[in-house]
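If you read the sequences in order, they're chains H and X.
Going by my numbering, the first residue of the first sequence is number 1, and it counts up by one from there.
Going by my numbering, the first residue of the second sequence is number 1001, and it counts up by one from there.
Following: one structure in structure tokens, then a few remarks.
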Amino acid sequence: MRWLGLLVITLMAASEGFAQLPTFNLGRTPSADEIRAQDITVGPSGKELPPGRGTAKEGAAIFEKRCAHCHGVNGAAEGQFPSLSGAKARVVNYPFATTIWDFINSAMPRKVPDIGTREGTLTAAEVYSLTAFVLYRNNIVKEMDVLDATSLPKVKMPKRDPHLDKVAPR
Amino acid sequence: MNKNKYGRRGFLKGGAALVGGLAAGGIPTASGQEAGTRLIHDAGIRPLGEVSRFERKIVRRGFGGNIANALTPHQDLHGIITPSELHFIVNHENGATPDIDPRQHRLLIHGMVDRPVELTMDDIKLLPSVSRICFIECNGNSGSQFDKDAVTVQDIHGRSSCAEWTGVPLSLLLKEVGVKPGAEWLIGVAADPGRHGHSFPMSKAMDDAIVAYAQNGQALRIENGYPLRLVLPGWSGRINVKWLDRIKVVDEPYMNRQESFAYMEQAPLGMGAYAFAGAKAFGFHHESFTKSVITYPSGGQRLAKPGMYQISGLAWSGGGAIRKVEVTADDGRSWKEAELQAPVLSRAFTRFTLGWKWDGGEAILKSRSTDERGNVQPTPEQVGGTPNPTSPEQVAVWGADTSATCRNLLGDDLCSRLPVRAQRSIIQSWRVNRDGNVTNPMPAMANKLAAFLVNDTHEH
């Protein structure tokens, strides 16, 4: 009967390998690579930011090619799509610059007129460059400032009010 | 049913004979419906229940014509459950809506957990389930109260609906994956084109959050998040992430795009707690404040003649159950307590009614709700009269935030100085005119409020 015991143990081990809710024996364990591929959300600390770097100067050319069809030249859109510079731009209200990086990376660029569809993807360096460009158009960084995983979370956003930072510092 | 009177089932089959007029059948009315009672024989019965041809005008409408933001027609509904096909939708992706194949859909739970997991829809449905009736309300609901184009209760308050949601308690899933120490927040992420994500605190996740796959007994409607969504009872609509495909357990709020730009005026401090306080100050003002509205008689409706009417309306609160609704028919000079229809459920619509005799004169109708925390719906004067929502006066008017969430995050001292939100819970007035037409009198107060809102946006 030793072989039977061994078989049971082997089967248990095998099922444990992919059934991950311990009580209900349901689900599958995703590999680290699988999680990484989906784990694209970047928070204020920036710890999920990938390697890469970019400047507003580099971003200008990419913006012209990939973004201006919706957001207008230099981001000054007047129509249906969000304005990214000037009086109507809402990005200046974001308290953290990482949000801009996150949204460009996870949701842009889009096709027109079918804006529900992505139009290809962007490399990390392109996303850093485009983030820098949007910040530059709103006078938040300089044209040659380098944004990367270290500098982006440190960008000081203008609408982040210091008033309550005193009572609830982060 | 009397077979002799109506004939054998299926006697008249197919084509034009399907509709056998009993009265003056076949005469189209001005609205295009055929007048008169008729008989549908079995060949005419559809697999899905049908709306009467006399009720087909009761549909969602987009305020300003945008059907991607479609509002619930409260003026034509009864009880507390919003039929699934009439549940409001607000879409921040210009209407782009994922139509997901459930066989391919997966929910990934990862981050600060011991055992990350990927679940299929079949896996999720094998788990113990809960069903709960609760409302979901868009932050922007009632924001058009003072807009002269906002006529009906649907136009103004249609971004709130109530359904029975069925799914797996999020607390169960979190116990199964094992939450690591320091994991105090979660992000729900949608499989929509904008990858909408939103942070919410662990306390809410462990309290009553549901990973829901059913709405009023059926699979979720596509626009309401098919095949899977978050339901956070009583909390702002956009945190109830639709088309949910990922939950990440994290240590702090993540400031996703939509929590960075919109609706922050409803947080305690003007443009948002975040903008002032950073991440820690987030998350405790996402409960809908107590609110009520009379749905009959309401804007756009008409009373045929003086006489007895049953005033009817809805009340709700993100803070728990409705304790009391008072109604006035004389512009607030006298208030009378309405009857609350059972069931009166926490964080759900509650139906209230009150008999009223209309004498044919002009009348201003209003309702005012009080929830189990003792919060009372504010008047426009209370809101308009205090120019700075960050001021101590706001705390005096609305009370401080005493929620456990606030105290846990910020401590008693700060929470005692933070007003609870109430700006979009203003008491709604309806004017019954002498000709019986009911109108929205609130746009006349708009100038006063507009000045206040400008202050709200820029004062910090």
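Backbone N, C-alpha and C fix where the C-beta goes; we use that ideal spot for every residue, glycine too.
query: I'd like to know if the segment 1206-1218 of chain X and the segment 58-69 of chain H are in contact, where contact means that at least 3 CB-CB pairs between them fall below 8 Å.; result: no
query: Under 9 Å between the Cβ atoms of residue 1243 of chain X and residue 1226 of chain X?; result: yes
query: According to DSSP, what are the bridge partners of residue 1296 of chain X?; result: X:1312
query: Let me know if residue 1240 of chain X comes out buried or exposed under the rule of 16 or more other beta-carbons within 10 Å of its beta-carbon.; result: buried
query: Since residue 1123 of chain X meets chain H, which of its residues come closer than 9 Å, beta carbon to beta carbon?; result: 21, 24, 26, 27 and 28
query: What residues of chain H sit near residue 1048 of chain X, judged by a beta carbon separation below 9 Å?; result: Result: empty, since nearest Cβ-Cβ is about 27 Å, beyond 9 Å.
query: Expressed to the nearest angstrom, what Euclidean distance is found between the alpha-carbon atoms of residue 1154 of chain X and residue 1074 of chain X?; result: 6 Å
query: If contact means a Cβ-Cβ distance below 8 Å, which residues of the segment 1040-1068 of chain X contact chain H?; result: none
query: Go ahead and label residue 150 of chain H buried or exposed: buried means 16 or more other beta carbons lie within 10 angstroms of its beta carbon, across all protein chains shown.; result: exposed
query: Specify, as a first and last residue, the run of the beta strand (DSSP E) that residue 1213 of chain X falls within.; result: 1210-1215
query: Which whole-angstrom value is the C-beta distance of residue 1298 of chain X and residue 1165 of chain X, which I expect to be below 8 Å?; result: Not really, about 27 Å apart at Cβ, beyond 8 Å.
query: Would you mind telling me which residues of chain H sit closer than 9 Å to residue 1110 of chain X, beta carbon to beta carbon, in chain order?; result: 30, 35, 38 and 39
query: Over the uninterrupted beta strand (DSSP E) stretch that includes residue 57 of chain H, give me the two end residues.; result: No beta strand (DSSP E) contains residue 57 of chain H, which is instead part of the alpha helix (DSSP H) from 56-66.
query: Please state whether the Cβ-Cβ distance between residue 1092 of chain X and residue 1178 of chain X is less than 9 Å.; result: no
query: Under 9 Å, do residue 1325 of chain X and residue 1288 of chain X count as touching if we go by C-beta distance?; result: no
query: Given that a residue counts as buried once 16 or more other Cβ atoms are within 10 Å of its Cβ, and exposed if not, what is residue 56 of chain H?; result: buried
query: In angstroms with no decimal places, state the Cα-to-Cα distance between residue 1338 of chain X and residue 1080 of chain X.; result: 16 Å
query: Name the chain H residues whose beta carbon is nearer than 7 Å to that of residue 1468 of chain X?; result: Lying before the first or after the last residue shown, residue 1468 of chain X is absent from chain X, which here runs from 1001 to 1460.
query: In chain order, what residues of the same chain have a beta carbon less than 6 Å from the beta carbon of residue 1230 of chain X, not counting five sequence neighbours either side?; result: 1188, 1240, 1241 and 1244
query: For a test of the three-state rule: what should DSSP assign to residue 1131 of chain X, helix, strand or coil?; result: strand
query: Provide the residue span of the beta strand (DSSP E) that contains residue 1190 of chain X, from first to last.; result: 1185-1190
query: If contact means a Cβ-Cβ distance below 8 Å, which residues of the segment 84-101 of chain H contact chain X?; result: 90, 91, 93, 94, 95, 96, 98 and 99
query: Would you please verify whether the beta carbon of residue 1254 of chain X is less than 9 Å from any beta carbon of chain H?; result: yes
query: Could you work out which residue in X:1114, X:1349, X:1200 and X:1095 is closest to residue 1077 of chain X when comparing CA atoms only?; result: X:1349
query: Can you look up residue 1335 of chain X in the DSSP assignment and give me helix, strand or coil?; result: coil
query: So, at 6 Å on beta carbons, what are the nonlocal neighbours of residue 1246 of chain X in its own chain, with the 5 sequence-adjacent residues on each side left out?; result: 1108 and 1189
query: Do we get a CB-CB distance below 9 Å when we pair residue 1116 of chain X with the residues of chain H?; result: yes
query: Residue 1434 of chain X to residue 1149 of chain X, Cα distance in whole Å?; result: 22 Å
query: Check whether the Cβ atoms of residue 1463 of chain X and residue 1156 of chain X lie closer than 9 Å to each other.; result: Outside the displayed range of chain X (1001 to 1460) lies residue 1463 of chain X, so it cannot be described from this structure.
query: Of all Cβ atoms in chain H, is any one closer than 9 Å to the Cβ of residue 1248 of chain X?; result: yes
query: Any beta-carbon of chain X closer than 9 Å to the one on residue 125 of chain H?; result: no
query: Buried or exposed for residue 1371 of chain X, going by 16 or more other Cβ atoms inside 10 Å?; result: buried
query: How would you list, in chain order, the residues of chain H whose beta-carbon sits under 8 Å from the beta-carbon of residue 1193 of chain X?; result: 107, 110, 115, 116, 117 and 118
query: For the segment 1081-1167 of chain X, which segments carrying the beta strand (DSSP E) assignment without a break, of at least 3 residues, lie completely within its bounds, in sequence order?; result: 1106-1111, 1117-1120 and 1130-1137
query: Strictly below 9 Å CB to CB, what residues from chain H border residue 1126 of chain X?; result: 24 and 26
query: Return the CA-CA distance between residue 1062 of chain X and residue 1090 of chain X, expressed in angstroms with no decimal places.; result: 9 Å
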